[in-house]
Structure formats: structure tokens, C-alpha cells
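Take any residue in the sequence shown, note its place counting from 1, add 8, and you have its number in this note's numbering.
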Amino acid sequence: MEWSGISRAANMLTLGFGPKHEAKNFYGVSKQVSAWALHIQCAWTLCEAGKVIATEESIGGSDEKANAFVLRLQQLLARKASIIVENISAHPDCGLVVSLSQAFRLIVAPDVTSDTENWRFFESKRDAKHLVIVGGTVAPESFD
9 MEWSGISRAA
19 NMLTLGFGPK
29 HEAKNFYGVS
39 KQVSAWALHI
49 QCAWTLCEAG
59 KVIATEESIG
69 GSDEKANAFV
79 LRLQQLLARK
89 ASIIVENISA
99 HPDCGLVVSL
109 SQAFRLIVAP
119 DVTSDTENWR
129 FFESKRDAKH
139 LVIVGGTVAP
149 ESFD
């Protein structure tokens, strides 16, 4: 599956995977969305060839700084050939290691002491179920 999008909302990193399609937002405005989404609101690290190129601090601070970071990463993705998910490893604390082609790796490290959402993964369709991780455990609403 191809890594096909990146964005942010406040301190949340949003990554898109798979082919893009048109969908309408809450206001009825059409936009392009990826087939699958990963929203991250905990510690994360993005590495390229073993070198850290971004962390959750990259989208912290001012909107101007965070938006500039997202734009740089979008441009990096656009310059590269397709970056493909090669492997996903899950850990007992609900952490993730997403190994990608071209020597990229995303590490997601939930805050097990927190009672707030760490990350969620879902298909980008109306009424799709979401896998939600809170405090390093699977949230009960994941099964609703």
C-alpha cells in the first residue's frame, strides 16, 4: 500500500495510505482523501536511512512552523517514487513500527500513562470502524 498523503490538525499528524478518491467534508466540500488514514497524537519519529527527519515536535509550535514542515514533507513525498508500506510491527503497548520502502520508517510510541487518544487507524469511508488506541490500549469504542 502506498503512502499517499500527509497533513496535520493542531498537534495531530495525519497520514494517508492507498489510492486517493474524492470525498465530501462536513460542509459538503469535495476533497481528495486516501483510502486509509492514520491519525497520531502521541510521540512519533520518522526516519530516512536511519536518520531522524521528523518527530511530533515538528508539528508543535506555531501554525506557520508546523504548516511549513508539512509542506516540506509533502514536497519530499512528491519528489520520491512511490513509498510503499513494507511491514507493520505492533508492540504490546500498542506502539507501531511502520517500515516503508526507500529506507523510511515511522515509529509510533503511545503514552501509556495518558487517558487521551494516542492514535487511530481507519478506512476513509462514512461509518467505517476505527481502531483507536488510548493510553497504550485498544479503546472499547474500537469494537462498536
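Don't be surprised by glycine CBs; every beta carbon is placed ideally from N, CA and C.
Please read all numbers here as calculations on a predicted model, not as lab measurements.
- Item | Closest by C-alpha distance to residue 65, when choosing among 136, 120, 19 | As a working mapping, residue 65 is identified with position 57 in the sequence shown. Nearest of 136, 120, 19 to residue 65, Cα basis: 19.
- At 4 residues or longer, and completely inside the segment 65-149: list those alpha helix (DSSP H) runs for me, N to C. Runs of the alpha helix (DSSP H) spanning 4 or more residues and lying entirely within the segment 65-149 occur at 71-87, in chain order.
- Query: Using CA coordinates, which residue listed in 57, 28, 77 is at the minimum distance from residue 160?
  - Reply: For the chain, the structure presents residues 9 to 152; residue 160 sits outside this window and is missing.
- Query: Would DSSP call residue 151 helix, strand or coil?
  - Reply: Sequence index remark: in the sequence shown, residue 151 carries index 143 (1-based). Note: residue 151 maps to helix in three-state DSSP.
- Task: With a 10 Å radius around its C-beta and 16 neighbouring C-beta atoms as the bar for buried, classify residue 151 as buried or exposed.
- Result: Residue mapping note: residue 151 aligns to position 143 of the sequence shown, counting from 1. Exposed, since its Cβ has fewer than 16 Cβ neighbours within 10 Å.
- Message: Which residue wins for smallest C-alpha separation from residue 49, given the options 72, 91, 149, 103?
- Response: For the purposes of this step, residue 49 is identified with residue 41 of the sequence shown, where counting begins at 1. Checking every option, the nearest Cα to that of residue 49 belongs to 103.
- Message: Just to check my reading of the structure: residue 11 and residue 21 have Cβ atoms closer than 8 Å, yes? What is that Cβ distance to the nearest angstrom?
- Response: The residue given as residue 11 occupies position 3 in the sequence shown. The residue given as residue 21 occupies position 13 in the sequence shown. Contact annotation, residue 11 with residue 21: C-beta distance approximately 12 Å; criterion of less than 8 Å not satisfied.
- Query: Which residues in the same chain have their Cβ closer than 6 Å to the Cβ of residue 128, if we skip the five residues on either side of it in sequence?
  - Reply: Start at 1 with the first residue of the sequence shown, and residue 128 comes out as number 120. Cβ contact annotation for residue 128 (same chain, cutoff 6 Å, sequence separation greater than five): 47, 138, 140, in chain order.
- Could you give the distance in angstroms between the alpha-carbon of residue 25 and the alpha-carbon of residue 95? As a position in the sequence shown, residue 25 is number 17, starting the count at 1. As a position in the sequence shown, residue 95 is number 87, starting the count at 1. Straight-line Cα distance between these residues: approximately 13 Å.
- C-beta atoms of residue 52 and residue 114 nearer than 8 Å: For the purposes of this step, residue 52 is taken as residue 44 along the sequence shown, with counting starting at 1. For the purposes of this step, residue 114 is taken as residue 106 along the sequence shown, with counting starting at 1. For residue 52 and residue 114, yes; Cβs fall inside 8 Å.
- Can you tell me the Cα-Cα spacing of residue 34 and residue 134, whole angstroms? Position 26 of the sequence shown holds residue 34. Position 126 of the sequence shown holds residue 134. So the alpha carbons of these two residues sit roughly 11 Å apart.
- Task: Would you kindly check if the distance between the Cβ of residue 101 and the Cβ of residue 120 is under 8 Å?
- Result: Your numbering for residue 120 matches position 112 in the sequence shown. Your numbering for residue 101 matches position 93 in the sequence shown. A contact, by the Cβ cut-off of 8 Å.
- Query: What are the start and end residues of the beta strand (DSSP E) that includes residue 17?
  - Reply: Reading the sequence shown from its first residue, position 9 is the one you call residue 17. Taken as a continuous stretch (DSSP letters only), the beta strand (DSSP E) holding residue 17 covers 11-17.
- Query: Less than 8 Å separating the beta-carbons of residue 30 and residue 112?
  - Reply: As a first step, residue 30 is located in the sequence shown; it is residue number 22 there, counting from the start. As a first step, residue 112 is located in the sequence shown; it is residue number 104 there, counting from the start. No.
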